[in-house]
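2 protein chains.
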Amino acid sequence: MAEKYDVFQAIADPTRRRLLELLAGKELSISTISSHFTMSRTAVTKHLYVLESAGLVVARKIGREKLYCLEAKPLQKLRTWLTFYEQLWDNKLAILKNVVENNHSEE
Amino acid sequence: MAEKYDVFQAIADPTRRRLLELLAGKELSISTISSHFTMSRTAVTKHLYVLESAGLVVARKIGREKLYCLEAKPLQKLRTWLTFYEQLWDNKLAILKNVVENNHSEE
DNA sequence: ACTATATACAACCAAATGGTTGCATGTCAA
DNA sequence: TTGACATGCAACCATTTGGTTGTATATAGT
Chain A
1 MAEKYDVFQA
11 IADPTRRRLL
21 ELLAGKELSI
31 STISSHFTMS
41 RTAVTKHLYV
51 LESAGLVVAR
61 KIGREKLYCL
71 EAKPLQKLRT
81 WLTFYEQLWD
91 NKLAILKNVV
101 ENNHSEE
Chain B
1 MAEKYDVFQA
11 IADPTRRRLL
21 ELLAGKELSI
31 STISSHFTMS
41 RTAVTKHLYV
51 LESAGLVVAR
61 KIGREKLYCL
71 EAKPLQKLRT
81 WLTFYEQLWD
91 NKLAILKNVV
101 ENNHSEE
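Respectively, the protein sequence lines represent chains A and B.
Numbered per my numbering, the first sequence spans residues 1 to 107.
Numbered per my numbering, the second sequence spans residues 1 to 107.
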């Protein structure tokens, strides 16, 4: 598999979002996690790898089990990214910005 | 090309995030937009299609030009999604939740 | 020691993704 | 009407993605 995954990429897949939801506040083994999905355990493992490499989950090995849990911090990056666009929810500000930038020298 | 794109999918690609940034508060033609990228105009058009089908940009045709601008509203969906995980930034709450759910019957 | 269970990993596959080039079409301007 | 410009669109291509199966290895329990 590949090297490094992005937070944006990691959350793009619906299955991976379900995984994050499932792991919120819980610590679950791969088998337990897989039991919530119809796809194979291997497929789930791959998704977990993507999430892990994006820093969104962390794992520790206990005996023969590998326990995963959510790590929400990297989502702050997304939060920051969003903040910029929140100003434009309803684009009143955007229109104003445009007016200021392009029309302020008229009349 | 395919049918419908998701907001999560749409913002997964760095090029498309650059496009959104470029179109914030501005209305630009495909050619003008393309001039900001090294890839072909066709490639840019495809990215714009993805964004459009996710509702993140809107276009109107003026003469021979097609003008695109940002439509931030669909990002609210992402904002809502994020809110759930914000509680877990630092996982104090998560730990507490775990304690309450699993250990409250002890002693 | 034997068997169950939990995971790891390689190999393979179809479809989606992100890009290209070439050509057709519509529109503006002289 | 003749270019030049702006876009549309089909065909093609390599790589990535999301999934599979099969086999190997490590650990737990009896």
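For every residue, glycine included, the Cβ atom is placed at its ideal position computed from N, Cα and C.
query: Is the shortest distance between the beta-carbon of Ala59 (chain B) and the beta-carbons of chain A less than 8 Å?; result: no
query: Measure the alpha-carbon distance for His104 (chain B) versus Glu27 (chain A) and round it to whole angstroms.; result: Reliability of the predicted coordinates at His104 (chain B) is poor, the pLDDT of 47 falling under 50, and the value obtained from them is presented with this limitation in mind. Those two C-alpha atoms are separated by around 17 Å.
query: Cα separation between Asp6 (chain B) and Val50 (chain A)?; result: 19 Å
query: Can you tell me which of A:Ser34, A:Glu71, A:Lys77 and A:Glu86 puts its alpha carbon nearest to the alpha carbon of Lys77 (chain B)?; result: A:Glu86
query: Within its chain, find whatever has a CB closer than 8 Å to the CB of Leu20 (chain B); leave out the 5 residues flanking it on each side and keep chain order.; result: Ile11, Leu51, Leu56, Val57 and Leu70
query: In the DSSP assignment, find the alpha helix (DSSP H) that holds Arg60 (chain B) and state where it starts and stops.; result: Per DSSP, Arg60 (chain B) belongs to no alpha helix (DSSP H); it is in the beta strand (DSSP E), Val57 to Ile62.
query: Assuming the contact rule is C-beta atoms closer than 8 Å, Arg79 (chain A) and Leu82 (chain B) should be a hit. Round their C-beta distance to whole Å, please.; result: 6 Å
query: Flag this pair as yes or no: are the beta carbons of Val44 (chain A) and Ile30 (chain A) separated by less than 8 Å?; result: yes
query: The region 66–92 of chain B: which residues have C-beta closer than 9 Å to a C-beta of chain A, in chain order?; result: Cys69, Leu70, Glu71, Ala72, Lys73, Leu75, Gln76, Leu78, Arg79, Trp81, Leu82, Phe84, Tyr85, Glu86, Gln87, Leu88, Trp89, Asp90 and Asn91
query: Note down the Cα distance separating Trp89 (chain A) from Glu65 (chain B), rounded to an integer number of angstroms.; result: 26 Å
query: Say whether chain B places a C-beta atom closer than 8 Å to the C-beta of Ala12 (chain A).; result: yes
query: Mapping the DSSP letters down to three states, classify Ser35 (chain A) as helix, strand or coil.; result: coil
query: Between Phe8 (chain B) and chain A, is any beta-carbon pair separated by less than 8 Å?; result: yes
query: Kindly indicate which residue of A:Pro14, A:Phe8, A:Asp13 and A:Ala24 has the alpha-carbon position closest to the one of Phe84 (chain B).; result: A:Ala24
query: Determine, using beta carbons only, whether Ala24 (chain B) comes closer than 8 Å to chain A.; result: yes
query: Leaving aside the five residues before and after Ile33 (chain A) along the sequence, list all residues of the same chain whose C-beta is less than 8 Å from its C-beta, in chain order.; result: Leu19, Leu22, Leu23, Val44, Leu48 and Tyr68
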